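K.L.:
Here the sequence shown is numbered in the working numbering, starting from 31 and rising by one per residue.
Don't be surprised by glycine CBs; every beta carbon is placed ideally from N, CA and C.
The structure displayed is predicted, hence computed values, not measured ones.
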Amino acid sequence: MPVLGPFDKLSGPQRRVFLAAFLGWTLDSLDFFLLIFCVKAIAQEFHTQPSAVLGAVFYTQAFRPVGALLFGMLADRYGRRPVLMANILGFSVIELACAFAPSLNVLLGLRALFGIAMGGEWGVGAALAFETLPKEGRGTFSGILQEGYAVGSIVASAAFGLLFAGFHWHGLSVPGIGWRGLFILGATPALLAFYVQTRVQESPVWLAAVKKRKGKDAVHAGPVWQREIIQFLPTFLFLILLMTAFMSFSHGTQDVYPTFLAVHANLSPETIGFIGVLYGLGSIAGGIVFGALSERWGRKRAIIVAALLAIPVIPLYAYGHSAIMLGTGAVLMQFMVQGAWGVVPAYLTELSPAPVRATAPGLAYQLGALVTSWNGKGQALAAERWGNYPAVLAITVAVVALALAGLASLGREAGGREMTEA
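Quick look at the structure:
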């Protein structure tokens, strides 16, 4: 495929770095979405409402900036590679602990810790990838890297559909493992840390910066970096606002959707899982297409077009009268949502100066998550109060899509910036 042409020019070490960053975000997403699909079951076990369980999403979102700041600062100081390994091990161990939570309060506390680990992975992985890959084709790399999130949701959907309640196929009967079994399965990302340890190289930009700091220019480097970071502050504040809109766009269309399909549309776990796989595939396609288009159109235009095209999809997405209509709407919606998101990794890293490139993009990303951390719980509460999930979903998409397009139009273009120029 021509759109994947930039990968043909990558060296072996560059491909391994990209794979590690992609899988890190994929497996992080898997562990996040396993809870999303199990909300109804967890609520039933702990004798509470789905909105109470979705408080776990709030705690995860609220603590993600802590992880972005902590792991980002460590990666800027000690290197991207070792911090990425520690990060992956961290969220895997916490996911395993969630499987043995004796109460909802314990589960909520564990999901807060999971948020710290989840918040660190994106910024560190993106910095490692874009400081290693060539600038040619960066939009395509960005679109595919971000869709690790969609791949994680697909795996979570498939696991939920096949393993939660079990299945029968040609005489073969596989018993269900429930939500606790799915969380045990979600601990397997720890194996990726061994791949990073043995096969992935450190960022050449970070290594060059360390060498420079130890050389003759070390005396002058500090003041220069300080001035660059101070000049970056207005852009950083803009990125927080932009990521708030982005987070509202993705989480506002994803977090309560499986619950909507179960509670409002009364669909079975198998059907919900199948729809989840389909809209995950739509997400991947959208990220790749708009990521590649951002190479021609520029980052801003690609974001604006994808955001605005989500609005005409609302009737199918929220008001479809059958599983087929709802599934089609979900696929088209996530094509647009993740189409806009596919530009984000490249755009944020291009706008960030080298001394804080592992910290600033991830921190802006996760502060946006903090601002919108009540999104899922708020949507569920509103739907339970009004008895109208479709209206809540429709209003969310319309408002957020317009806000995202408006904010993106105010930003500056930075496509193709050299990562080594700082």
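Across the stretch 156-171 and the stretch 373-388, are there enough close Cβ pairs to call them in contact, namely three or more that are closer than 8 Å?
P.N.:
Result yes; three or more Cβ-Cβ pairs closer than 8 Å.
K.L.:
In whole angstroms, what is the alpha-carbon distance linking A428 and S324?
P.N.:
Position 398 of the sequence shown, counted from the start, is the residue given in the question as residue 428. Position 294 of the sequence shown, counted from the start, is the residue given in the question as residue 324. Going by the C-alpha atoms only, they are around 23 Å apart.
K.L.:
What are the partner residues of S439, as DSSP defines its beta bridges?
P.N.:
Walking along the sequence shown from the start, residue 439 turns up at place 409. None; S439 has no bridge partner.
K.L.:
To the nearest angstrom, how far is the alpha carbon of G206 from that of F101?
P.N.:
Counting from one through the sequence shown, the residue named residue 206 turns up at place 176. Counting from one through the sequence shown, the residue named residue 101 turns up at place 71. Cα-Cα distance, rounded: 37 Å.
K.L.:
Quick one: is G454 buried, meaning 16 or more other Cβ sit within 10 Å of its Cβ, or exposed?
P.N.:
Residue 454 lies beyond the range of the chain shown here (31 to 452); nothing can be said about it.
K.L.:
Excluding the 5 residues preceding and the 5 following K407 in the sequence, name in chain order all residues of the same chain whose CB lies nearer than 8 Å to its CB.
P.N.:
As a working mapping, residue 407 is identified with position 377 in the sequence shown. Cβ neighbours of K407 beyond the five flanking positions: S81, L84, G85, V87 and F88.
K.L.:
Could you spell out where the alpha helix (DSSP H) holding L163 opens and where it closes?
P.N.:
Counting from 1 along the sequence shown, the entry for residue 163 is found at position 133. Element bounds for L163: n/a, residue is neither H nor E.
K.L.:
Given a threshold of 16 other Cβ atoms within 10 Å of its Cβ, counted over all protein chains shown, does L297 qualify as buried or as exposed?
P.N.:
Position 267 of the sequence shown, counting from 1, holds the residue named residue 297. Buried, since its Cβ has 16 or more Cβ neighbours within 10 Å.
K.L.:
If the criterion is Cβ atoms closer than 8 Å, does the pair M273 and L397 meet it?
P.N.:
Reading the sequence shown from its first residue, position 243 is the one you call residue 273. Reading the sequence shown from its first residue, position 367 is the one you call residue 397. A contact, by the Cβ cut-off of 8 Å.
K.L.:
Using beta-carbon positions only, say whether G182 and S313 come within less than 8 Å of one another.
P.N.:
Position 152 of the sequence shown, counting from 1, holds the residue named residue 182. Position 283 of the sequence shown, counting from 1, holds the residue named residue 313. No, they are not a contact pair.
K.L.:
According to the Cβ coordinates, are Q368 and G316 closer than 8 Å?
P.N.:
Mapped onto the sequence shown, residue 368 falls at position 338. Mapped onto the sequence shown, residue 316 falls at position 286. In this structure, G316 lies closer than 8 Å to Q368 by Cβ.
K.L.:
Would you kindly work out how many angstroms separate the C-alpha atoms of A452 and F290, rounded to a whole number?
P.N.:
Looking up residue 452 in the sequence shown gives position 422. Looking up residue 290 in the sequence shown gives position 260. Its pLDDT being 43, under 50, A452 is placed unreliably in this model, and the value from its coordinates should be taken loosely. So the alpha carbons of these two residues sit roughly 47 Å apart.
K.L.:
Hey, how far is the Cα of A186 from the Cα of D61?
P.N.:
Mapped onto the sequence shown, residue 186 falls at position 156. Mapped onto the sequence shown, residue 61 falls at position 31. Each residue's Cα considered, the two are about 8 Å apart.
K.L.:
My output table needs one value for V69: the three-state DSSP class, helix, strand or coil.
P.N.:
Residue 69 sits at position 39 when you count from the first residue of the sequence shown. Correct three-state label for V69: helix.
K.L.:
Thinking C-beta only, is Y349 closer than 8 Å to A444?
P.N.:
Within the sequence shown, the letter at position 414 stands for residue 444. Within the sequence shown, the letter at position 319 stands for residue 349. No. Outside cutoff.
K.L.:
Alpha helix (DSSP H) containing P299: first to last residue?
P.N.:
Taking the sequence shown and counting its residues from 1, the one referred to as residue 299 is at position 269. P299 to W327 is the extent of the alpha helix (DSSP H) around P299.
K.L.:
Does the stretch 91-107 come into contact with the stretch 138-149, if we say contact requires no fewer than three beta-carbon pairs (one atom in each stretch) closer than 8 Å?
P.N.:
These segments touch.
K.L.:
Using beta-carbon positions only, say whether A275 and L437 come within less than 8 Å of one another.
P.N.:
Along the sequence shown, one-based indexing puts residue 275 at 245. Along the sequence shown, one-based indexing puts residue 437 at 407. Their beta carbons are under 8 Å apart, which means A275 touches L437 by this criterion.
K.L.:
I think A431 touches A340, with their Cβ atoms under 8 Å apart; what is that distance to the nearest whole Å?
P.N.:
The sequence position of residue 431 within the sequence shown is 401, counting from 1. The sequence position of residue 340 within the sequence shown is 310, counting from 1. The Cβ separation is near 5 Å, so the contact holds.
K.L.:
Have a look at F224 and M115 and give me their C-alpha separation to the nearest angstrom.
P.N.:
On the sequence shown, residue 224 is found 194 positions in, with the first residue counted as 1. On the sequence shown, residue 115 is found 85 positions in, with the first residue counted as 1. So the two alpha carbons sit approximately 8 Å from each other.
K.L.:
Assuming the contact rule is C-beta atoms closer than 8 Å, I118 and A220 should be a hit. Round their C-beta distance to whole Å, please.
P.N.:
As a position in the sequence shown, residue 118 is number 88, starting the count at 1. As a position in the sequence shown, residue 220 is number 190, starting the count at 1. Yes, I118 and A220 are in contact; Cβ-Cβ is about 7 Å, under 8 Å.
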